[in-house]
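To start, the structure under review is shown below, and the notes come after it.
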């Protein structure tokens with residue numbers, strides 16, 4: 175194994191372990207729930223890093239996969255609420271208020287927990303694969319992909335709001351049961367949910383890392399760099415892109431399911447344009463070409479948003495401060511925080527895994543310039 | 005496997021029209037296996053477009069292309085590449101963010117499916133072979149640096165190494181010596197003569213010295229058509245070629 179890979183695996187392991195140890199030091203249920211929420215958003219950022227940072231697909235509709243996962247989980251948990259909160263024969267309360275008599279057919283399978291967990295991943299993956307089929311087979315690239323994904327997100331969001339009888343409309347699906355699997359109950363404010371989420375983040379990080387370290391991951395990065403050249407080596411670029419897009423959607427679906435568990439509801443805002451664009455900012459701040467960087471970016475930015483908006487001093491100015499930080503990062507740190515850490519570690523430990531000094535072919539200033547160009 | 009001398013690639017009456025402009029106008033070309041064919045001609049003669057049609061970048065308006073007995077003009081780019089055709093473009097196009105070694109790994113594309121590659125982690129096994137290749141092109145010191153940091157000449161070499169790593173039956177080269185020094189051009193000629201042992205090559209080139217050094221058979225294109233075909237001597241004596249391309253001074257002064 176290369177030394178660089180070993181260092182990377184070690185870093186990922188240590189950070190994930192640190193996340194898993196948090197409940198040992200924090201016993202305030204409210205704070206733990208808040209941290210769990212940040213970690214879920216970290217998973218969502220990992221998903222975008224895989225498609226944007228590694229494959230060059232700027233998916234502005236990442237929240238669609240997230241929201242669909244979230245609704246799948248909410249549907250399962252809604253059907254498990256105690257009969258007091260529901261209508262006749264376990265009909266969800268909002269359906270009773272909307273004069274629905276029988277459970278719609280697409281709600282039926284969600285009586286099964288296993289189906290719900292499966293659907294939370296499969297529905298986003300299937301939708302992404304279908305959208306990807308048209309977009310990438312049609313060789314749509316660049317900013318048009320961003321526009322199409324954003325438009326699709328808005329369509330799905332409006333459909334969910336419009337079908338209030340079946341989806342709860344603007345209110346979403348509220349008043350849910352707690353998740354119970356294998357005799358374990360996951361209370362949103364207990365450490366069990368936190369552990370579940372930290373474990374899921376660990377899994378998603380290492381899974382995504384495995385994808386990027388495989389030969390397919392290398393081809394994806396080559397596609398990001400020069401899509402047309404890749405074709406002439408015999409790789410079917412469209413299928414590679416559909417693959418990355420779908421895997422990313424699956425990870426976002428997992429994040430969505432977990433979000434329902436910590437928030438205890440599902441809402442159309444989970445498929446909102448605002449959330450979807452925030453993910454892009456988290457990735458940019460943390461470093462989109464680093465999975466761990468993106469996750470930490472999400473956790474740091476949302477954590478800071480939480481801290482600033484809760485403190486009285488910054489009550490009116492916190493959005494301004496956040497905006498200023500984004501501008502500074504985008505202007506001066508094109509690789510995000512991960513780029514800063516990488517630069518520092520290269521200085522301390524020497525470069526990567528080659529024992530020889532790197533031949534200085536091009537002055538540093540040129541390298542920095544090409545970085546800025548690639549961002550444009 | 006077809007025997008040496010058998011027709012490997014056949015273009016029959018190929019027409020490419022861009023909004024009425026006939027970039028290639030009824031081109032018929034036959035290339036045998038193991039041949040090193042040079043295509044020369046004045047600017048706008050349709051040389052690059054001809055290569056584009058072979059590798060699938062540009063669709064045909066009329067005509068057909070067969071490679072090893074199979075029609076390839078209706079295939080997509082990646083299918084043509086899988087059939088055994090590799091291409092070097094005029095503008096160097098390597099993966100600038102990937103290291104030299106990673107570039108070579110991507111080029112080694114015998115296995116090109118998504119899932120086959122998703123479960124492929126044993127990437128170190130190919131390392132020795134790729135290191136040898138890097139040594140051959142003089143980039144063994146640069147394996148771990150991003151290709152975007154290479155000089156222009158090094159980038160050209162890397163591109164050629166990518167084709168060697170890809171190991172296609174037929175290699176299409178578009179102006180491989182553009183921007184190279186005399187020594188580099190000479191080294192490129194050596195490389196081509198080595199490549200010729202295992203591959204069929206089609207080279208579009210302007211540098212007549214280089215063409216003289218490597219070429220078996222030269223095809224001259226003019227206004228989208230094949231003007232003449234033959235050895236260096238035959239072409240040099242051809243009256244029409246002299247008037248449209250080489251000038252009255254002959255092949256030596258071009």
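Chains as they are written, first to last, in the numbering used here: chain A, 175 to 550; chain B, 5 to 258.
Think of the CB as a built atom: it goes at the ideal place given N, C-alpha and C, for glycine as much as any other residue.
Residues that residue i contacts on chain A, provided the C-beta gap is smaller than 9 angstroms
{"i": "residue 207 of chain B", "result": "Within chain A, no residue comes near residue 207 of chain B; the closest Cβ sits about 16 angstroms away, beyond 9 angstroms."}
{"i": "residue 271 of chain B", "result": "Absent from the model: residue 271 of chain B. The displayed extent of chain B is 5 to 258, so no value can be given."}
{"i": "residue 170 of chain B", "result": "406, 407, 408"}
Minimum Cβ-Cβ distance from residue i to chain B less than 8 angstroms
{"i": "residue 400 of chain A", "result": "yes"}
{"i": "residue 177 of chain A", "result": "no"}
{"i": "residue 417 of chain A", "result": "yes"}
{"i": "residue 579 of chain A", "result": "There is no way to answer for residue 579 of chain A, as the model of chain A reaches only from 175 to 550."}
{"i": "residue 403 of chain A", "result": "yes"}
{"i": "residue 542 of chain A", "result": "Note on residue 542 of chain A: pLDDT 37, under 50, position unreliable in the model; the coordinate value appears next. For residue 542 of chain A, the answer is no, since every Cβ of chain B falls outside 8 angstroms of its Cβ."}
is_contact[residue i, chain A] using C-beta, thresh 8 angstroms
{"i": "residue 28 of chain B", "result": "no"}
{"i": "residue 71 of chain B", "result": "no"}
{"i": "residue 75 of chain B", "result": "no"}
{"i": "residue 142 of chain B", "result": "no"}
{"i": "residue 160 of chain B", "result": "no"}
{"i": "residue 42 of chain B", "result": "no"}
{"i": "residue 90 of chain B", "result": "yes"}
{"i": "residue 257 of chain B", "result": "Below a pLDDT of 50, predicted positions are generally treated as unreliable, and residue 257 of chain B, at 48, falls in that range; no measurement from the model is reported."}
7 angstroms Cβ cut-off: residues of chain B touching residue i
{"i": "residue 408 of chain A", "result": "82, 85, 86, 113, 116"}
Partners in chain C for residue i, counting only beta-carbon separations shorter than 9 angstroms
{"i": "residue 395 of chain A", "result": "In the structure shown, chain C cannot be found, because the protein chains are A and B."}
Cross-chain neighbours of residue i in chain B, by beta carbon under 9 angstroms
{"i": "residue 414 of chain A", "result": "118, 121"}
{"i": "residue 388 of chain A", "result": "121, 122, 123, 124, 125, 127"}
{"i": "residue 385 of chain A", "result": "122"}
Whole-angstrom C-beta distance between residue j and residue i, which should lie under 8 angstroms
{"i": "residue 185 of chain A", "j": "residue 494 of chain A", "result": "Not a contact, Cβ separation roughly 33 angstroms."}
{"i": "residue 321 of chain A", "j": "residue 214 of chain A", "result": "About 27 angstroms; that fails the 8 angstroms criterion."}
{"i": "residue 162 of chain B", "j": "residue 134 of chain B", "result": "With 8 angstroms as the limit, residue 162 of chain B and residue 134 of chain B do not qualify as a contact, their Cβ atoms being about 12 angstroms apart."}
{"i": "residue 28 of chain B", "j": "residue 13 of chain B", "result": "Going by Cβ atoms, the distance from residue 28 of chain B to residue 13 of chain B rounds to 15 angstroms, so no, they are not a contact pair."}
{"i": "residue 497 of chain A", "j": "residue 219 of chain A", "result": "About 19 angstroms; that fails the 8 angstroms criterion."}
{"i": "residue 122 of chain B", "j": "residue 388 of chain A", "result": "5 angstroms"}
CB contact flag (residue i, residue j, <8 angstroms)
{"i": "residue 67 of chain B", "j": "residue 16 of chain B", "result": "yes"}
{"i": "residue 234 of chain B", "j": "residue 173 of chain B", "result": "no"}
{"i": "residue 440 of chain A", "j": "residue 209 of chain A", "result": "no"}
{"i": "residue 263 of chain B", "j": "residue 154 of chain B", "result": "With chain B running from 5 to 258 in the structure shown, residue 263 of chain B is simply not present."}
{"i": "residue 101 of chain B", "j": "residue 399 of chain A", "result": "yes"}
{"i": "residue 332 of chain A", "j": "residue 235 of chain A", "result": "no"}
{"i": "residue 436 of chain A", "j": "residue 367 of chain A", "result": "yes"}
{"i": "residue 276 of chain A", "j": "residue 397 of chain A", "result": "no"}
{"i": "residue 225 of chain A", "j": "residue 418 of chain A", "result": "yes"}
{"i": "residue 177 of chain B", "j": "residue 92 of chain B", "result": "yes"}
{"i": "residue 375 of chain A", "j": "residue 217 of chain A", "result": "yes"}
{"i": "residue 464 of chain A", "j": "residue 390 of chain A", "result": "no"}
{"i": "residue 422 of chain A", "j": "residue 221 of chain A", "result": "yes"}
{"i": "residue 629 of chain A", "j": "residue 227 of chain A", "result": "Since the first residue shown for chain A is 175 and the last is 550, residue 629 of chain A is missing from the structure and cannot be characterised."}
Straight-line Cα distance separating residue j from residue i
{"i": "residue 410 of chain A", "j": "residue 231 of chain B", "result": "37 angstroms"}
{"i": "residue 122 of chain A", "j": "residue 187 of chain B", "result": "Outside the shown range of chain A (175 to 550) lies residue 122 of chain A, about which nothing can therefore be said."}
{"i": "residue 311 of chain A", "j": "residue 304 of chain A", "result": "11 angstroms"}
{"i": "residue 205 of chain B", "j": "residue 302 of chain A", "result": "42 angstroms"}
{"i": "residue 290 of chain A", "j": "residue 144 of chain B", "result": "53 angstroms"}
{"i": "residue 520 of chain A", "j": "residue 201 of chain A", "result": "38 angstroms"}
{"i": "residue 218 of chain B", "j": "residue 190 of chain B", "result": "10 angstroms"}
{"i": "residue 46 of chain B", "j": "residue 56 of chain B", "result": "17 angstroms"}
{"i": "residue 501 of chain A", "j": "residue 508 of chain A", "result": "11 angstroms"}
{"i": "residue 531 of chain A", "j": "residue 392 of chain A", "result": "Low confidence applies here, because residue 531 of chain A scores a pLDDT of 38, under 50, leaving its location unreliable and the question unanswered by this model."}
{"i": "residue 457 of chain A", "j": "residue 325 of chain A", "result": "21 angstroms"}
{"i": "residue 240 of chain B", "j": "residue 61 of chain B", "result": "32 angstroms"}
{"i": "residue 178 of chain A", "j": "residue 39 of chain B", "result": "44 angstroms"}
{"i": "residue 252 of chain A", "j": "residue 359 of chain A", "result": "15 angstroms"}
{"i": "residue 233 of chain A", "j": "residue 432 of chain A", "result": "21 angstroms"}
{"i": "residue 209 of chain B", "j": "residue 43 of chain B", "result": "7 angstroms"}
{"i": "residue 405 of chain A", "j": "residue 81 of chain B", "result": "6 angstroms"}
{"i": "residue 348 of chain A", "j": "residue 268 of chain A", "result": "9 angstroms"}
Residues that residue i contacts on chain B, provided the C-beta gap is smaller than 8 angstroms
{"i": "residue 310 of chain A", "result": "Result: empty, since nearest Cβ-Cβ is about 12 angstroms, beyond 8 angstroms."}
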